Structure formats: structure tokens, C-alpha cells
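Contents: one structure, followed by commentary.
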Amino acid sequence: MNHGQQSGEAKHEDDAALTEFLASLMDYTPTIPDDLVEHYLAKSGFQCPDVRLIRLVAVATQKFVADVASDALQHCRARPAPVVKDKKQQKDKRLVLTMEDLSKALREYGVNVKHPEYFADSPSTGMDPATRDE
Amino acid sequence: MNKKRRRKARVNSEAPDDQSAAEFSFSLTRVAVSQICLSVGYTSTDTSSTLNTLTLITTKFLQSIAELAASFSNSANRTEANLFDIVNGLQDTALSTSDCFPGGSTLHNTESHCLIKSAVLRNLSDFVASAFEIPFAKPLPRLETSGSHGGDSTRMARSPEMRSFPAWLPPFPDSSLYLEPYTKERSDHLWENSDSVIGRETFVETSGVRSSGRLPLRRASVRFKMGRDCSNGGGSCKSDTRLERRRDDNDGEYGREFEAKKKIGEEYIYCADIDAGEWNM
Numbered sequence: 011m012n013h014g015q016q017s018g019e020a021k022h023e024d025d026a027a028l029t030e031f032l033a034s035l036m037d038y039t040p041t042i043p044d045d046l047v048e049h050y051l052a053k054s055g056f057q058c059p060d061v062r063l064i065r066l067v068a069v070a071t072q073k074f075v076a077d078v079a080s081d082a083l084q085h086c087r088a089r090p091a092p093v094v095k096d097k098k099q100q101k102d103k104r105l106v107l108t109m110e111d112l113s114k115a116l117r118e119y120g121v122n123v124k125h126p127e128y129f130a131d132s133p134s135t136g137m138d139p140a141t142r143d144e
Numbered sequence: 026m027n028k029k030r031r032r033k034a035r036v037n038s039e040a041p042d043d044q045s046a047a048e049f050s051f052s053l054t055r056v057a058v059s060q061i062c063l064s065v066g067y068t069s070t071d072t073s074s075t076l077n078t079l080t081l082i083t084t085k086f087l088q089s090i091a092e093l094a095a096s097f098s099n100s101a102n103r104t105e106a107n108l109f110d111i112v113n114g115l116q117d118t119a120l121s122t123s124d125c126f127p128g129g130s131t132l133h134n135t136e137s138h139c140l141i142k143s144a145v146l147r148n149l150s151d152f153v154a155s156a157f158e159i160p161f162a163k164p165l166p167r168l169e170t171s172g173s174h175g176g177d178s179t180r181m182a183r184s185p186e187m188r189s190f191p192a193w194l195p196p197f198p199d200s201s202l203y204l205e206p207y208t209k210e211r212s213d214h215l216w217e218n219s220d221s222v223i224g225r226e227t228f229v230e231t232s233g234v235r236s237s238g239r240l241p242l243r244r245a246s247v248r249f250k251m252g253r254d255c256s257n258g259g260g261s262c263k264s265d266t267r268l269e270r271r272r273d274d275n276d277g278e279y280g281r282e283f284e285a286k287k288k289i290g291e292e293y294i295y296c297a298d299i300d301a302g303e304w305n306m
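Chains as they are written, first to last, in our numbering: chain S, 11 to 144; chain A, 26 to 306.
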């Protein structure tokens with residue numbers, strides 16, 4: 011009996027927490043607009059009239075992008091800083107999102123991104139002229 | 026330079042609606058993603074392809090959650106997804122992106138049925154509570170539509186009698202294409218007025234008032250013609266003399282009841298009287 015009462019109370023608390031979370035979604039405005047999220051959801055066959063669920067998906071996507079960006083930022087900061095001659099330049103360190111950091115961060119999320127370092131006009135570009143077949 | 030401009034113009038003229046809608050939504054998503062990157066601490070990207078890649082992955086993430094949730098709802102014989110479908114979709118996505126997903130075993134517990142035990146939902150709850158709100162940079166024009174239309178502003182809202190159909194289905198074609206208007210001419214296409222009835226003009230005149238298809242008990246005989254190669258109960262009419270022979274054979278027995286007339290031209294006309302009333306064949 012005691013165990014049943016405790017589980018009932020816990021369930022009540024969990025339900026209250028879930029209700030509170032869904033209510034807080036209406037106060038929180040995600041960065042991705044609701045109409046844009048609705049467009050992509052409807053494109054995939056998702057149909058739901060409840061705005062809270064659309065906001066839940068928007069918040070989940072925002073969190074995913076924020077996690078990826080923060081992981082890339084950690085990779086960027088972990089890289090050894092180059093030798094700086096000017097003191098002013100050291101203070102104003104501008105963080106630039108590079109493809110290298112992004113690919114390292116996305117690899118942990120199961121997305122393989124490979125970016126070619128340069129594009130050549132032909133396969134023999136950059137080769138030694140003596141060995142190039144003409 | 027002019028030739029390049031002409032080539033570009035030619036490419037852009039192909040399917041402008043679909044391309045422009047996709048490009049518009051992609052550019053909006055790119056603005057949102059760049060805002061999120063700014064909030065994390067980044068100030069710029071090295072190339073535009075980096076931001077485009079992250080934007081594309083964001084759209085794929087959105088679509089993958091939607092597909093998972095839609096498949097879960099369809100498996101449960103529903104067309105509209107609910108919170109359970111979304112949480113299951115998020116759990117599946119988290120399974121592919123991280124090594125572990127605490128709370129996944131209790132998610133489907135039949136006793137509790139509580140979704141907040143899911144770690145994914147708890148993480149989202151903490152994120153909403155702690156993260157700063159970043160509203161979208163540009164105000165979007167609000168569409169005056171109800172429900173999800175797939176973001177397609179060219180689609181009109183359904184009429185009240187069509188509300189039962191989901192909005193994401195394509196609209197019905199114009200009613201003039203599948204509705205046949207009822208015309209009075211159809212009622213005239215009765216068998217009595219067709220060419221197979223001999224003397225239909227006189228029949229029409231003498232018929233009097235039509236009684237909605239019901240035939241009176243006493244009615245005039247109808248004479249109709251049949252083709253030459255018609256089969257009459259077990260044999261085709263091969264020669265003209267068949268009737269004559271039949272008449273000679275059956276004259277003794279059925280002479281009173283059966284009377285056959287000679288053929289006229291290429292057609293045979295049968296006229297038979299049977300004792301049981303006025304039965305004309």
C-alpha cells in the first residue's frame with residue numbers, strides 16, 4: 011500500500027512537471043519561427059494542430075544546433091593559438107566557424123562532412139610538368 | 026558577360042515556384058542558424074559553404090524528427106501526431122547521435138505512462154529554463170490560414186465541407202472536371218425510342234400518357250427487327266428457307282400458336298401469338 015501511494019505521488023509530480031514544461035513552451039519563443047518549422051514538418055507528413063508540440067520540435071532543433079556550434083567552438087579553442095606579434099590583435103580574438111571544426115563536431119553526432127580543401131581545373135593540375143602526360 | 030547573364034536567366038526560369046519556396050525557407054533557416062551561432066560565441070564563418078552545410082543539417086534534423094513522429098502516429102492508426110510520437114522520435118534521434126539515452130527504458134512503462142522520465146525531454150526542459158530567448162531577427166508575415174498547409178501560401182483554405190480532409194493533401198480538381206451535369210436529353214434515351222423498334226413514331230403517338238416506366242397489363246404489340254446472324258435458341262439463321270421448313274414441320278401442332286412470316290430483305294420479322302395472352306416476340 012505504501013509503495014503504491016509513493017508511486018502515485020511520484021506520478022503526480024511527474025505529470026505536474028510535464029504540464030509545467032509544456033506551459034513554459036508558450037512563454038519561450040524559439041529562434042526558429044513557428045511557420046518555418048510547420049513548413050518543414052508538413053513537408054515530411056507531420057500533422058499536428060497543437061502549437062506547443064511545434065514549439066517543442068523547434069526547441070529540440072535549436073538545442074541541437076547550439077550543441078553542434080558549442081562543440082565546434084571547443085575544437086576551435088583547443089587548437090593551439092598562433093604566435094601573436096601585436097597585443098591588440100590578441101585581445102580582439104574573433105572566433106570564426108571553420109569547416110574543419112564543424113566536421114569534427116558533427117562526426118560525434120553521426121554526420122560525416124568532408125570538404126575539399128581546394129578545387130582544381132583538371133586532374134593534372136599542380137603536377138610536375140615533366141611527368142604530366144600531354 | 027552578356028552571354029553569362031542570359032544563361033543565368035534561362036536557368037532561373039525553370040520551375041520558379043518550387044525553387045523559390047525551397048530557397049526562401051532555406052534562407053530563413055540560415056538566418057536562424059546564424060543567430061544561434063552568434064549566441065554561442067561565433068562572430069563569423071570562413072566560407073558561406075560552412076553556414077550552408079550547418080543550415081542543411083538543421084533542415085534534415087527537423088525533417089527526420091517529423092518523419093519519425095509521423096511514422097509512429099501512422100503505426101498507431103492516427104494521422105495526427107501527439108506528444109508521445111514526438112518524444113519517441115526524439116529518443117530515436119538521440120539514440121543515433123549519442124551513445125546512451127537514460128530514461129529510455131522507463132519511457133514505455135505501462136504503469137507510469139509519464140514522458141518526463143525521458144532524459145531527452147528533461148534536457149529540453151532544462152534548456153528552456155536556462156537558455157536565453159533569441160527571437161527571430163526579421164518579422165515574418167503571418168499567414169491567415171488555419172492548420173498546416175505545408176507552408177504553401179498559394180493553396181487556398183478548404184471550404185467547410187472539405188474540412189474533414191487533411192490539409193497536407195493536394196487540393197481537389199475543379200468540380201467541372203468530374204461532375205456531370207444532369208441534362209434532360211438522358212431521359213429521352215429510352216429503348217422505345219431507339220432505332221431497333223419498328224414504327225416507333227406510331228408507338229409513341231398511341232402510347233398516350235407515360236406512367237413512369239410501368240407497363241400496363243393490356244398493351245399494343247411491339248414489333249422489332251433482329252439481325253441476320255442472330256441465334257435463335259440453338260442455331261443461327263443460315264438460310265431463308267429455315268422458317269419455311271419450320272412452318273411446314275410444326276404446322277400441324279403449333280400452327281395455331283406460331284406463325285412465321287417471310288423474310289423481308291435482309292431481316293426476319295417474327296410475330297407469334299401464344300394462347301396465354303398477347304405475347305409478341
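Just so you know, even glycine gets a beta-carbon here, dropped at the ideal spot from N, CA and C.
Model, not experiment: these values are computed from the prediction.
Integer-rounded CB distance, given that S:Tyr50 should sit under 8 Å from A:Gln88: Here the question's residue 88 of chain A lines up with position 63 in the second sequence. Here the question's residue 50 of chain S lines up with position 40 in the first sequence. Taking 8 Å as the upper bound for CB-CB distance, A:Gln88 and S:Tyr50 are in contact here, some 6 Å apart.
Cβ-Cβ distance between S:Thr45 and S:Cys86 below 8 Å: Working through the first sequence from its first residue, we reach residue 45 of chain S at position 35. Working through the first sequence from its first residue, we reach residue 86 of chain S at position 76. For the record, residue 45 of chain S in the displayed sequence is Asp; it is not Thr. Between S:Asp45 and S:Cys86, the C-beta spacing is not below 8 Å.
CB contact below 8 Å: S:Val61 versus chain A: Here residue 61 of chain S corresponds to residue number 51 of the first sequence, with the count starting at 1. It does not; no Cβ of chain A falls within 8 Å.
Cα-Cα separation between A:Ala94 and S:Gly55, rounded to whole angstroms: Start at 1 with the first residue of the second sequence, and residue 94 of chain A comes out as number 69. Start at 1 with the first residue of the first sequence, and residue 55 of chain S comes out as number 45. Approximately 9 Å, taken between the alpha carbons.
Closer than 8 Å at the beta carbon, the chain S residues around A:Ala106: For the purposes of this step, residue 106 of chain A is taken as the residue at position 81 of the second sequence. The answer, in chain order, is Phe56, Gln57, Cys58, Leu63.
CB contact check: S:Tyr50 to chain A, cutoff 8 Å: Along the first sequence, read from residue 1 onward, the residue named residue 50 of chain S stands at position 40. It does; some Cβ of chain A falls within 8 Å.
N- and C-terminal bounds of the alpha helix (DSSP H) containing S:His85: Along the first sequence, read from residue 1 onward, the residue named residue 85 of chain S stands at position 75. Where S:His85 is concerned, the enclosing alpha helix (DSSP H) stretches over 61-88.
Residue burial classification, A:Arg244 (beta-carbon count within 10 angstroms, cutoff 16): One-based indexing of the second sequence puts residue 244 of chain A at position 219. Under this definition A:Arg244 is an exposed residue.
Under 7 Å by beta carbon: chain A residues contacting S:Gln72: Numbered from its first residue, the first sequence carries residue 72 of chain S at position 62. What S:Gln72 touches in chain A: Ile61.
Any 3 or more C-beta pairs closer than 8 Å across the segment 21-36 of chain S and the segment 48-58 of chain A: Under the Cβ criterion (8 Å, minimum of three pairs), the segment 21-36 of chain S does not count as touching the segment 48-58 of chain A.
Contact belief for A:Pro191 with S:Gln57 at Cβ below 8 Å, rounded distance in angstroms: Within the second sequence, numbered from 1, the residue matching residue 191 of chain A stands at position 166. Within the first sequence, numbered from 1, the residue matching residue 57 of chain S stands at position 47. The C-beta separation of A:Pro191 from S:Gln57 comes to about 6 Å, placing the pair in contact by the 8 Å criterion.
Counted within 10 angstroms of its Cβ, other Cβ atoms place S:Ala20 as buried (16 or more) or exposed: Within the first sequence, numbered from 1, the residue matching residue 20 of chain S stands at position 10. Classification of S:Ala20: exposed, given that the 10 Å Cβ count is below 16.
Best match in A:Ala162, A:Val112, A:Val153, A:Arg248 for proximity to A:Ser143 [C-alpha to C-alpha]: If you number the second sequence from 1, residue 143 of chain A lands on position 118. If you compare the alpha carbons of A:Ala162, A:Val112, A:Val153, A:Arg248 with that of A:Ser143, the shortest gap goes to A:Val112.
Proximal residues of chain S, C-beta to C-beta of A:Pro160 below 8 Å: Residue 160 of chain A sits at position 135 when you count from the first residue of the second sequence. Those within 8 Å of A:Pro160 in chain S are Thr39, Thr41.
Three-state secondary structure assigned by DSSP to S:Val47: Start at 1 with the first residue of the first sequence, and residue 47 of chain S comes out as number 37. Note: S:Val47 maps to helix in three-state DSSP.
Of the residues A:Thr54, A:Glu92, A:Lys85, the one placed nearest S:Val121, counting alpha carbons only: Looking up residue 121 of chain S in the first sequence gives position 111. Out of A:Thr54, A:Glu92, A:Lys85, A:Lys85 has the C-alpha closest to the C-alpha of S:Val121.
Residues that DSSP places opposite A:Ser69 in a beta bridge: Translated into the one-based positions of the second sequence, residue 69 of chain A becomes position 44. S:Val106, per the DSSP bridge assignment.
The alpha helix (DSSP H) enclosing A:Ala154, as first and last residue numbers: Translated into positions along the second sequence, residue 154 of chain A becomes position 129. Here the alpha helix (DSSP H) through A:Ala154 covers 144-155.
Touching by the beta-carbon criterion (3+ pairs, under 8 Å), the segment 150-163 of chain A and the segment 67-82 of chain A: The answer is no - the segment 67-82 of chain A does not touch the segment 150-163 of chain A, with fewer than three Cβ pairs under 8 Å.
CA nearest to the CA of S:Met109, picked from S:Ala27, S:Val78, S:Ile42: Here residue 109 of chain S refers to the residue found at position 99 of the first sequence. It is S:Val78 whose Cα lies nearest to the Cα of S:Met109.
Test: S:His89 CB closer than 8 Å to a CB of chain A: Looking up residue 89 of chain S in the first sequence gives position 79. One detail in the question is off: residue 89 of chain S reads as Arg in this sequence, not His. No, S:Arg89 lies away from the interface with chain A (no Cβ there is under 8 Å from its Cβ).
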